[in-house]
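One structure below.
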Amino acid sequence: MQKDNMQQNSQLSRRGLFGAAALAGVAASLNTTLLRGETPATATRASKPIQGAGAYAFKVGSIEVAVVSDGSFPANPKAWFPKTTDEERAAAMKNAFVETDAVPTHVNTLLIRSGSEVSLIDTGCGTIFGPSVGKAVENLARLGVTPDDVTTVVITHLHGDHFGGLLASDGSLVFKNAQVVISAPEIAFWEGAADLSKSLIDKETGATFAAGAKKTIESLKKSGRLVEGVPEKDVALGVSLVAAPGHTPGHSVIQVASGDSMLLYLTDTLHSPALQLRNVDWHMVFDVDPAQAVETRKKLLDHAARNRLLIAGSHIPFPAIGHLEKISSGYALVPSVWDW
Ligand SMILES: [Zn+2]
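Now the structure itself:
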């Protein structure tokens, strides 16, 4: 399986949408201990089928929404939160009942059917991040949705676990009928000098991320599919981007609103909810501007808790929907009851 993927990737690097630099970059980033925090032995473990449902559908007012899983990977808290002490992490992990250096981390996408539009928020990892992820298209099928049905793809920010699924293994666009919306500041940052000097990311990995993002923008521009997203303006009926800078400059959370109902999709406001909800000021290694990311996290979590908003997010454990309760040490996630 792994070998097959590697062969596919080498083919992609020659003729794929992202081109050799981007794919090599994304693949190389996966091999760092930073992203997954795992040893080569665990990184090559066999794929296994997702247990139970891979998609969870619900309604926001009259809008049909579904969290669609892309799979999961293990993350190393020490690598993800490099400024924390061993003692701080040990205490937080004990509180969260995740006493492991390979915290299972889910990757979600969000399907929204409103009016005549079929929107997909992020694409997951595609074929480039190994066999434990890249299941979004397979799980969309459980809802009777094919890639050709998708009219709008929103890439919330240009990290590989969000844009990796734009590309098929034969190098073509997976969602070939869709426009691809990315916020204007996100495009401008990665297209430009992509200054990562405030980030905790190491230089080599940062350069890899930047090259992958830049190449993706170039390729999307060439395809004529790229649309600059504008905060607060609907990208589909009832669906809009909300600026949430810090993790990346154009990082966007998504608001879905219909009648009196609302869903706030927090995207990468949380990477490890088990740890960050009680430690909202922890700097995540991939934050482009760690201080701004913390400020944004505090603002959004406070907003969601105060207004009792239904929330979901890219890395909240599937089915990823619930509410946030303010507690003395931060926030607690109150999962929505699974509706059979
Ligand atoms: Zn992410």
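104 is the number of the first residue of the sequence shown in the working numbering; add one for each residue after it.
Virtual Cβ for every residue (Gly too), placed ideally from N, Cα, C.
In this structure, DSSP gives HIS265 a helical state, which the three-state scheme calls helix. Under the three-state reduction of DSSP output, MET365 falls in the strand class. About 6 angstroms separates the Cβ atoms of VAL359 and VAL168, confirming a contact at the 8 angstroms cut-off. The region 327-344 makes no contact with the region 387-399; the number of CB pairs closer than 8 angstroms stays below 3.
Unbroken beta strand (DSSP E) runs of no fewer than 3 residues, entirely contained in the region 214-296, are found at 220-224, 255-257 and 282-286, following chain order. In this chain, ALA313 is not harboured by any beta strand (DSSP E); it is covered by the alpha helix (DSSP H) spanning 306-326.
The beta carbon of VAL277 lies closer than 8 angstroms to those of THR226, GLY229, VAL240, PRO250, GLY268, LEU269, LEU270 and ALA271 in the same chain, with the five residues before and after it left out. Here SER343 is not near SER286, since their CB atoms are 8 angstroms or more apart.
PRO438: member of the beta strand (DSSP E) spanning 433-438, first to last residue.
A straight line joining the alpha-carbon of GLY416 with that of ASP305 spans about 26 angstroms.
According to DSSP, residue pairing for ASP337 in a beta bridge involves SER343. At least one heavy atom of ligand 1 is found less than 7 angstroms from the C-beta of SER417. Between the C-alpha atoms of ARG328 and SER217 there is a straight-line separation of about 21 angstroms. Within the DSSP secondary-structure output, ILE414 pairs in a beta bridge with LEU367 and GLY425.
8 angstroms or more divides the Cβ of PHE232 from the Cβ of ASP204. For ALA281 against VAL256, the beta-carbon gap comes to about 5 angstroms, under 8 angstroms, which counts as contact. Setting aside the 5 residues that flank it on each side, ASP442 is surrounded in the same chain by PHE161, each with a C-beta closer than 8 angstroms to its C-beta; the list follows chain order. Beyond the five residues adjoining it in sequence on each side, LEU366 comes within less than 6 angstroms, by CB distance, of VAL163, VAL359 and LEU413 in the same chain, given in chain order. With a cut-off of 8 angstroms on Cβ pairs, the region 196-215 is in contact with the region 170-182, counting three or more such pairs. In the DSSP annotation of this structure, LEU299 is not part of any alpha helix (DSSP H), being labelled neither H nor E.
At a Cβ-Cβ threshold of 8 angstroms, LEU380 and GLY433 count as neighbours. In the DSSP assignment, ASP173 falls within the beta strand (DSSP E) that extends over 166-178. Cβ contact annotation for SER235 (same chain, cutoff 7 angstroms, sequence separation greater than five): SER150, GLY174, SER175 and PHE176, in chain order.
Secondary-structure assignment with DSSP links GLU331 through a beta bridge to ILE285.
A Cβ-Cβ distance of about 10 angstroms is found for the pair GLU428 and ALA407, leaving them out of contact under the 8 angstroms criterion.
Taking a C-beta distance under 8 angstroms as the contact criterion, LEU404 and VAL383 qualify as a contact pair. If you look at VAL397, you'll find it in the alpha helix (DSSP H) that goes 393-409. Residue state for ALA160 is assigned as strand, using DSSP reduced to three classes. DSSP places ASN198 in the uninterrupted alpha helix (DSSP H) bounded by 189-199.
Looking at the DSSP output, SER355 bridges to ALA346. Beta-bridge annotation (DSSP): THR208 is paired with PHE176. Between ligand 1 and the CB of HIS406, the shortest heavy atom gap is not smaller than 7 angstroms. GLU202 and ALA296 have their C-alpha atoms spaced approximately 39 angstroms apart. Nearest to ASN410 by alpha-carbon distance, out of ALA244, ASP273, ALA158 and HIS426, is HIS426. Minimum Cα-Cα distance from PRO393 among the listed residues GLY157, ALA156, TRP183 and SER219 corresponds to TRP183. With a cutoff of 7 angstroms, HIS262 counts as near ligand 1, since its C-beta is closer than that to a heavy atom of the ligand.
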